[in-house]
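Participant: Numbering (the working numbering), first residue to last: 2 to 273.
And the structure:
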């Protein structure tokens, strides 16, 4: 059964909601409580600037990555159980429908619900900070961040928030694949694989690449590499802008879809 039926997929989506709605509703309450606790703690510790923009940004992305990856990492965890896994594989739905159901809950609904819950907690705590802390009696009031586009988060990049969101979907897709690929301890094993991969990339960038290129500084990723002699620019090594743009597009936009595709094939060949 490799076809796609919207009616069958909608029934699968409804079935998943009926089986997990209590857990999801309790999770929403728990996420809200954790955010309130995080902001309250920061208000107590940083009384002069309790709702600084960096506090809001860190809180948003810590919760997004932490909770989002945990959720994705356990979505297909029942496949590690013989009884539950066999029951799920015998569900009359194609692998594509099961993957799209997972992506709806993991990538779409979770992101929307988490962002809404975050802003609710954020606005409440901003109101409390603006009314209780004397710092805001003479200084501009705290305002909520824009998680979809935030200027200059201390790193001089107006699109940094956007890149963090793209990174989240890529990392989350890896945990979703891990929940299918690993029968036991999928979250832990996926985290270890990602950590090893990060170390390899850091080694490639920080050691091997600098051994191949002349001494100097990167000015724009790998597009421009400037070599210095006596503190003055000496040589410029350039990669074609087209090649640089293609590599950037692959890194930013195709990692998550590629891992979703691998997850689909893993579901099709999954056996108990």
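Backbone N, C-alpha and C fix where the C-beta goes; we use that ideal spot for every residue, glycine too.
Since the structure is predicted, the reported quantities are computational estimates derived from the model, not experimental observations.
Measuring straight from C-alpha to C-alpha, what distance separates residue 58 and residue 79?
Facilitator: 34 Å
Participant: Assuming residue 261 and residue 104 form a contact by the criterion Cβ under 8 Å, report the distance between their Cβ atoms to the nearest whole angstrom.
Facilitator: 7 Å
Participant: Give the DSSP-derived three-state secondary structure of residue 143 in the structure shown.
Facilitator: coil
Participant: Counting only runs of 4+ residues fully inside the region 39-88, write out the alpha helix (DSSP H) ranges in chain order.
Facilitator: 54-75
Participant: Report yes or no: do three or more beta-carbon pairs, one from the region 116-130 and one from the region 52-69, lie closer than 8 Å?
Facilitator: Three or more Cβ pairs closer than 8 Å define a contact, and the region 116-130 meets that threshold against the region 52-69.
Participant: Since residue 276 and residue 33 are thought to touch, with beta carbons under 8 Å apart, how far apart are those beta carbons, to the nearest angstrom?
Facilitator: The structure shown has nothing for residue 276, since the chain only spans 2 to 273.
Participant: Determine, using beta-carbon pairs with one atom in the region 201-208 and one in the region 97-111, whether at least three such pairs fall under 8 Å.
Facilitator: no
Participant: For residue 177, I'd like the list of residues in its chain whose CB is within less than 7 Å of its CB, leaving aside the five on either flank, ordered along the chain.
Facilitator: 73, 76, 103, 107, 264
Participant: Count the other CB atoms within 10 Å of the CB of residue 249; is the residue buried (16 or more) or exposed (fewer)?
Facilitator: exposed
Participant: Taking residue 259 as part of the alpha helix (DSSP H), name the residues at either end of that continuous run.
Facilitator: 256-269
Participant: Quick one: grab the DSSP three-state call for residue 14.
Facilitator: The answer is helix: DSSP assigns residue 14 an H, G or I state.
Participant: Restricting to Cα atoms, I'd like to know which of 187, 89, 166, 116 is closest to residue 20.
Facilitator: 89
Participant: Return helix, strand or coil for residue 4, following the three-state DSSP convention.
Facilitator: coil
Participant: Measuring alpha carbon to alpha carbon, tell me which of 81, 47, 23, 170 ends up nearest residue 133.
Facilitator: 47
Participant: Could you compute how far the alpha carbon of residue 252 sits from the alpha carbon of residue 182?
Facilitator: Residue 252 and residue 182 have their C-alpha atoms spaced approximately 23 Å apart.
Participant: Quick one: what does DSSP say residue 160 is sitting in, helix, strand or coil?
Facilitator: coil
Participant: Rounding to the nearest angstrom, what Cα-Cα distance links residue 4 and residue 131 in this structure?
Facilitator: In this model, residue 4 and residue 131 are separated by some 55 Å (Cα to Cα).
Participant: Would you please state the rounded distance, in angstroms, between the beta carbons of residue 113 and residue 171? I believe it to be under 8 Å.
Facilitator: Wrong, their Cβ atoms sit about 18 Å apart, outside the cutoff.
Participant: Take the Cβ of residue 111 as the centre, count every other Cβ of all protein chains shown within 10 Å, and call the residue buried at 16 or more, exposed below.
Facilitator: buried
Participant: I need the straight-line Cα distance from residue 82 to residue 70, nearest angstrom please.
Facilitator: 21 Å
Participant: Look at the alpha carbon of residue 85 and the alpha carbon of residue 185, and state the distance between them as a whole number of angstroms.
Facilitator: 14 Å
Participant: From residue 271 to residue 142, what does the alpha carbon distance come to, in whole angstroms?
Facilitator: 54 Å
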